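Novice: Quick note on numbering: the working numbering labels position 158 of the sequence shown as 1015, and the sequence is numbered without any gaps.
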Amino acid sequence: MLLLGALNRNFSVSICHLPFAIYHLPFPLMRRAIYPGSFDPVTNGHLDIIERGCKLFDEIIISILINPEKRPFFTIEERREILKEVLKGINRSTCALRVDDFEGLLVHYAVAQEADAIVRGIRAISDYEYELQMALMNRRLEPSIETVFMMPAEKYSYVSSRLVKEVFQLGGELKGLVPPLVEERMKQKMTSE
Ligand code: PNS
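(1) Do residue 1001 and the ligand PNS come close, with the Cβ less than 7 angstroms from some heavy atom?
(2) Can you give me the C-alpha to C-alpha distance between residue 995 and residue 1032, rounded to a whole angstrom?
(3) Would you check if the distance between the CB atom of residue 891 and the CB atom of residue 972 is smaller than 8 angstroms?
(4) State yes or no: is the C-beta of residue 889 within less than 8 angstroms of the C-beta of residue 916?
(5) Run through the segment 910 to 934 for me and flag every whole alpha helix (DSSP H) of 4 or more residues, listed as ranges in chain order.
(6) Is it the case that the Cβ atoms of residue 1009 and residue 910 are separated by a distance below 8 angstroms?
(7) Using three-state DSSP, classify residue 1115 as helix, strand or coil.
(8) Check this for me: beta carbons of residue 936 and residue 897, under 8 angstroms apart or not?
(9) Where DSSP assigns a beta bridge to residue 958, which residues make up the other side?
(10) At 3 residues or longer, and completely inside the segment 951 to 1014: list those beta strand (DSSP E) runs for me, N to C.
(11) Determine the direct distance from the alpha carbon of residue 1027 to that of residue 1046, and round the result to whole angstroms.
(12) Please check the pair residue 818 and residue 988, which I expect to be a contact at CB under 8 angstroms, by giving their CB distance rounded to whole angstroms.
(13) DSSP has residue 1046 in a bridge; who is on the other side?
(14) Compute every distance between the C-beta of residue 1014 and the non-hydrogen atoms of the ligand PNS, then say whether any falls below 7 angstroms.
(15) Does the ligand PNS have even one heavy atom less than 7 angstroms from the beta-carbon of residue 901?
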């Protein structure tokens, strides 16, 4: 009797310690996020956000907006290629990373990709107003998709693709702001034009 009691107690203890996913769900939960943007070019701030996102999601799709109204520095194909290359060097743990592009409404694309969330980086309060508007509009359009705001490291809080292009075009130093490959490709592009 005493032995059975002990076994039962041990059994119930071991059940209680099973991970949540094993005894509540018939399949492992897989979280997919979309990280949308222009990525023209991708900066170290973007990569910092992707690394942080990898702590929360099993898969992140880095999705480049096709915007025919803008005259970009890099074409969509160039941005895809650069992103794929620089993502090889980041700390992703077990998170799967995919590069894609999209046009039209972001939430339509997110639903088509069966995503749970949209990740956006917020650098300063000035970003917050615009990002909040977008997040609330996206929620209205598609309530099943959550927006997750993430803060980059302080050292990237002033880094934007727009400023990177401006500094580059005026001959400034980009070291530490973008991956070396991005600076190299920007220089190549300038000399080939
Ligand atoms: O890096 P960016 O340029 O700030 O990214 C902006 C982006 C791509 C997230 C935003 O322009 C967007 O989602 N465009 C898709 C069109 C859309 O869904 N518009 C309604 C947003 S409320």
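From the three backbone atoms N, C-alpha and C, an ideal C-beta is built for every residue, glycine too. The model shown is predicted, which means the values in this text are computed figures rather than measured ones.
Specialist: Put simply:
(1) The ligand PNS has no heavy atom closer than 7 angstroms to the beta-carbon of residue 1001.
(2) Rounded to whole angstroms, the gap between the alpha carbons of residue 995 and residue 1032 is 35 angstroms.
(3) yes
(4) yes
(5) none
(6) no
(7) No information on residue 1115 is available, as it lies outside the stretch 858 to 1050 that the chain covers here.
(8) yes
(9) 921
(10) You should have 953 to 959, 974 to 978, 1003 to 1007.
(11) 15 angstroms
(12) In the structure as shown, the chain begins at 858 and stops at 1050. Residue 818 is therefore absent and cannot be evaluated.
(13) Residue pairing by DSSP places residue 1046 opposite no residue, since no beta bridge is assigned to it.
(14) no
(15) no
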